[in-house]
Structures are given as C-alpha cells and as structure tokens.
Amino acid sequence: MAEKSVKKVLITDTILRDAHQSQAATRMTIEDMIPVLEQLDEIGYYSLEAWGGATFDTCLRYLNEDPWERLRTLRKYLKKTPIQMLLRGQNLLGYRHYSDDVVEKFVAKSIENGVKVVRVFDALNDPRNLETSMKAIKKYGGVCEAAISYTTSPVHTTDYFVQLAKQLESMGADNICIKDMANLLLPYTAYDLVSKLKKGLKSTTKVHLHTHNTAGTGDMVNLKAIEAGCDIVDTALSPLGNGTSQPATEPLVATLKGTPYDTGIDIEKLLPIVNHFKGVAERLKAEGYLSPKVLSIDINALIYQVPGGMLSNLISQLKQQNKSDKLGEVLAEVPNVRKDCGYPPLVTPSSQIVGTQAVLNVISGERYKMVTKEFKGLLRGEYGKLPAEPDQEVVKKCIGDEKRITYRPADDLKPEYDQFKAEISEYIEQEEDVLSYAVFGQVALNFFKWRKAKSIGVDKNMADSADRVYPV
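Residue numbers for the sequence shown follow the working numbering, beginning at -7 and rising by one.
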C-alpha cells in the first residue's frame, strides 16, 4: 500500500486524436491544433495522443491533409511532450493484415517523423499479430505500449488479462495499456485488474488505462484504477471530453490535487487551451460533425455488452431491411453468436462481423442459414487465434471441413512494399507516400492526384471536392 500511496499519476490527453474521433468523426484539422500546441507542450502531460487511429484515413479522405505532414508539424511544436499514436498491429491503420516489410517500414517512418509512444493492439488479443510491430517499435527507438483489448466473457477473466500482459511484457512492451474501448470495465473490476497487473508485472512496466465515458462510469473507473496503482490514465480536455470520448481532464486534475496522486498539472494553464477547443467544438457542431447525443449516457453497453458504435450499426442494418422491430431479438442474439465463434472482443473488425451475423440469424429465421464471408474467415482463423474454441457444430455448418489456420495469418503474405511502390511511382514525392497507398489504396491515390494538381498551379476551386482530382 505504501508504494501506491506516493505515486504521482501521469496523464495522456487524447484531445488531438481519440477525443474528436469519438465525438466528431475525426474532423479536427491541423489548423485547429497549431494555435495551442506550444501551450499544450508546457502542461506536463506524459504524452499527447495525436496520430494513428482514424486520423490517417480522415486526413487523406476528407481534410486534404497529408497525415505525415501533420505528424511533422506536431513534432515541430511539441518539443517536450512525447507524441503518441494508436496502431492496430499487423493491420496498421487499415482493415486487413499487411506483410511484415510494410509493417516494419510503417513503424520506422512513424517514429522517424515524430511519434515516440506507440500504443499497439490486436482485436483478438492474439500476440502473434503484434510480434512484427512490437519488434519494429523497439528497433527504431519508440516506447512500446502493448494494449490488451478489454472485454467480458467467461474466458476473459482477470487472470486471462494478467497472463496476456505478462506475455506482451516478455515480447518487449515498456507499458501495458488496458484498452477499454467500449466502457465495459467497471470501477471495482478496474481496481482488481490493476492491482493484479502491478503485482504480476515488473516494477519498471507502467500500467496505462484507456476508457471512455459512454456508460457514465469512466471517472469512477479511472479513480479506482489510480487507487490500485495505475501509472497513467487517458483523459480528454472538457470541450471534447466525456460521453463517447474519454473522461474530462480538468475534473481529474482537480480531484487529485493535494493528494499523493497529484498530477502536478496547473489547472489554470489549461484554461486558455480549453477556451480554444470550445471554439473548435462549436465549429464542429455547426458543421454537423458533433452531435449532443454523444454526451448522453448509453446504458446499452452495460446491459448488452454492445459498444455504442456497434449498436448504431445494428440499428442501421435493420432499418435497411425494414426490420427495425427485430432490434431486441438481434441484441439477444449478439452474445450467442459471440459465444459460438469463441468470444472475440467486440472491437473493429470483430464487432461488425459478429453484429452482421446476428442480424442475418434473426431476419433469415434460421441460425447460420446465411453466413458472411467475414464470419467464415473469423472461424477459419484468418484474423488470428480466437480467445476460445468456437462451437464445433457452428463451425461444421458454416465452413464444413475447410482447413482452419493455426499459424500467424501474416505468414501467408509475401513482401508487398516494392509492388506498392511500383504501382504509384509517378505520384511519389516521399517514401511515406508508398505507405499511405499501401494502407488506403484508392483514397491515397485520389489525394496524390489532388496534391499534384495543386502543385502545378491548377485552380483548386475546379478540383473535384469529392475525389480531389482536377477535371482534365
């Protein structure tokens, strides 16, 4: 207890990444950030999460920004505070597994351009899908923060997560992050989990908690985790804090002030920064990206263990089929499907795969009469090792006697980097362009065409705003 009682708590602020991704479709621009970056740099954060996740896609697809240039700009202003990014292991920032050469180059360039802390996770908690990225993070001098995707099931016990964390630590993790993407972690469970992680891990390994406030429990979860010895917690400045985002920064700083956990952050220094982001939030509201609905408490996560984003997707699918009245049945079917396929955490892409299959099971009137190729792929092991063995009857009905993959899925992939480089040779202005194209294909290509048109002085106003190409 003595060790716990004297530890200053460190803060990672997500205002530059997950806060606006969770609340405002990731639409904050670099111009929104620049005016307060130097002030943010003086606050004393452990890190600022500012890159990765959906920011890369949104920069290319919607904001006419080169994400690599955004990173270099952030590094220019943030001279003291480490820049943190979110990486999906072998998936990088995309939606499939990439070859090892592409993964290594992506990590290398991320660190070279300014990232210091790399939070890396796998949707299925399969350590094999983290091997290449974790080795690269260590090789190129980054801080490797390996995340465990938190979820609840008979398989996902506290001991399961502690053993997983120990394995990730043995693979080179500097920090272990509890990534509670759906705000399913409850306060006293958080206390128990953090206590056991601190006991089971090396004293030099930091425990970092990432939760949301979707179900309204985020502040309590953070506080109980801190009392259990958590080293770092994620928060977001209040203009884009709470709700589907992280618990707000200022209340936690005030709560811990004068206690043994005091963050050392001067709340008065936050005021001008908060006022700036209030203006940004107002613009995002006016443009329709930030809805007040994201701030309301959604207890569906607590009742059905269904993350908020997954729930809205289910509602949308049923509406398209004119079956909105079946929502209750679908919500009841989701945990059954999840059990059948080995209890994957409900995070991208498994949340979409499980949710869609639950919808099909209900509207077709027969379970697994219609099966998506993605669900078959999940059962075959194409996404990685499932947390538990799937139901054998379901496996037989869905994929028959097809061979299931028992090795690391990326082992099937030949080196891809040179092929990607050849495909876009006429548009390459920097090596990083190859990586943008590798992960986002046509979206990146459209951006390169728009950038080229802009550079040769064509009228930007005549460029196609949807595809960002000049009509010639």
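Beta carbons are placed, not taken as given, at the ideal position from N, Cα and C, and that holds for glycine.
Contact annotation, Glu30 with Lys261: C-beta distance approximately 12 Å; criterion of less than 8 Å not satisfied.
Here Thr196 is exposed: its Cβ has fewer than 16 other Cβ atoms, across all protein chains shown, within 10 Å.
Scanning the stretch 30 to 59 from its first residue to its last, the whole beta strand (DSSP E) runs of 3-plus residues come out as 39 to 44.
Apart from the 5 residues on each side of it in sequence, Leu55 sits with its Cβ closer than 6 Å to the Cβ of Thr21 in its chain, given in chain order. Under the three-state reduction of DSSP output, Ile259 falls in the helix class.
Glu61 carries a helical assignment under DSSP once its states are collapsed to helix, strand and coil.
A straight line joining the alpha-carbon of Glu57 with that of Thr47 spans about 10 Å. A Cβ-Cβ distance of about 6 Å is found for the pair Thr236 and Gln15, placing them in contact under the 8 Å criterion. Distance from Thr4 to Ser39 at the Cβ level is roughly 5 Å; contact confirmed, criterion being Cβ atoms closer than 8 Å. At a cut-off of 4 residues, the continuous stretches assigned as alpha helix (DSSP H) that sit fully inside the stretch 118 to 147 are 123 to 131. The alpha-carbon separation between Gln13 and Gln159 amounts to approximately 30 Å.
Scanning the stretch 213 to 293 from its first residue to its last, the whole beta strand (DSSP E) runs of 3-plus residues come out as 224 to 227. Around Gly208, the same chain offers Ile289 as residues with beta carbons nearer than 6 Å, after the five sequence neighbours per side are excluded. When the beta-carbon positions are compared, Pro379 and Leu116 come within less than 8 Å of each other. Distance from the Cα of Asp92 is smallest, within the candidate group Phe432, Asp258, Leu63 and Arg400, for Arg400.
Counting of Cβ neighbours within 10 angstroms places Ala414 among the exposed residues, the total staying below 16. Boundaries of the beta strand (DSSP E) harbouring Arg111: Val107 to Val112, taken from the DSSP string. Here the alpha carbon of Leu352 sits roughly 29 Å from the alpha carbon of Asp49. Cys169 and His148 have their C-alpha atoms some 16 Å from each other. Here Arg62 is buried: its Cβ has 16 or more other Cβ atoms, across all protein chains shown, within 10 Å.
The beta-carbon distance between Lys377 and Asp118, rounded to whole angstroms, is 5 Å. This is short enough to meet the 8 Å contact definition. DSSP places Lys198 within a strand segment (E or B) once states are collapsed to three. Setting aside the 5 residues that flank it on each side, Leu282 is surrounded in the same chain by Gln15, Ala16, Ala273 and Leu276, each with a C-beta closer than 7 Å to its C-beta; the list follows chain order. Per DSSP, reduced to three states, the secondary structure at Met25 is helical.
In the structure shown, Ile420 adopts coil according to DSSP, grouped into three states. Assigned with DSSP and collapsed to three states, Gln297 falls in coil, not helix or strand. Going by beta carbons, Ala217 and Ala182 fall inside the 8 Å limit.
Residue range Ser342 to Ile355 is occupied by the alpha helix (DSSP H) that includes Asn353.
With contacts defined as CB atoms closer than 8 Å, Ala293 and Val326 fail to qualify as a contacting pair. Rounded to whole angstroms, the separation of the alpha carbons of Gly106 and Pro74 is 8 Å. Annotation: the continuous beta strand (DSSP E) that includes Ile168 extends over Asn167 to Lys171. Annotation: the continuous alpha helix (DSSP H) that includes Leu185 extends over Pro179 to Gly192.
Distance from the CA of Met173 to the CA of Ala139, rounded to the nearest whole angstrom, comes to 11 Å.
Residue burial is scored here from C-beta neighbours: Tyr87 has fewer than 16 other C-beta atoms within 10 angstroms and is therefore classed as exposed.
Residues Ile355 of the same chain have their beta carbon placed closer than 7 Å to that of Gln313, with the five preceding and five following residues left out of the count.
CA-to-CA, the gap between Ala11 and Cys390 works out to about 39 Å.
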